[in-house]
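Throughout the sequence shown, residue numbering follows this note's numbering, covering 1 to 137 in sequence. Accompanying notes for the structure given below.
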Amino acid sequence: MKANELDLADWITFTGRQDKDMVVDLIASSDACLVHLKKSDLFKTVIPSKIFEAAGMEKPIIMGVDGDARAIVEKAGAGLFMEPENTEELLKAIKTLKEDPKLRTKMGTDGNLYIKKHFDRENLAENYMKICKKVLN
1 MKANELDLAD WITFTGRQDK DMVVDLIASS DACLVHLKKS DLFKTVIPSK IFEAAGMEKP
61 IIMGVDGDAR AIVEKAGAGL FMEPENTEEL LKAIKTLKED PKLRTKMGTD GNLYIKKHFD
121 RENLAENYMK ICKKVLN
């Protein structure tokens with residue numbers, strides 16, 4: 001297996017498909033989370049919910065999605081960007097996080113604080129209601 005060849009087998013677990021009920025436990029047991037989509041202009045406009053799940057649980061993110069999602073992760077200081085579908089950049093990001101537990105902790109904490117401040121559902125709903133009231137008046 002490629003993970004063995006690259007001396008990453010002790011740090012990577014390939015789980016295959018998992019039930020949605022297992023997601024919280026899997027993220028909790030992880031040192032970092034990978035958010036990855038195909039390299040496509042279409043995906044530059046999406047924001048995968050995995051970003052919020054990982055940041056909410058104070059996990060650093062290896063960001064393999066460019067565009068809006070990348071901007072959020074970078075602004076939050078929540079992870080490392082890798083060009084989508086770029087194996088070398090993925091390996092570099094894994095090794096960087098593997099070798100630097102303080103960086104993992106900082107990215108997890110910073111991401112969590114940023115997401116709470118800017119993407120809290122109650123705050124978003126309140127701001128939406130303010131906009132609706134302005135439009136109606």
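Every residue gets a Cβ at the ideal spot worked out from N, C-alpha and C, and that includes glycine. Bear in mind that the values here come from a model prediction, so they are computed numbers and not experimental data.
{"Check": "Beta-carbon proximity list for threonine 96, same chain, < 8 Å, skipping 5 on both sides", "Outcome": "Leu80, Leu103"}
{"Check": "Where methionine 129 falls, given that 16 or more other Cβ within 10 Å makes a residue buried", "Outcome": "exposed"}
{"Check": "Among Ser49, Ala76, Thr45, Ser30, nearest to histidine 118 - alpha-carbon criterion", "Outcome": "Ala76"}
{"Check": "Exposure of proline 101, with buried meaning 16 or more beta-carbon neighbours within 10 Å", "Outcome": "exposed"}
{"Check": "Local conformation of glycine 64 per DSSP, three classes", "Outcome": "strand"}
{"Check": "Nearest candidate by alpha-carbon position, reference aspartate 110, set Glu122, Ala69, Ile61", "Outcome": "Ile61"}
{"Check": "Host alpha helix (DSSP H) of glycine 16 (start-end)", "Outcome": "Unbroken run through glycine 16: none, as it is neither H nor E."}
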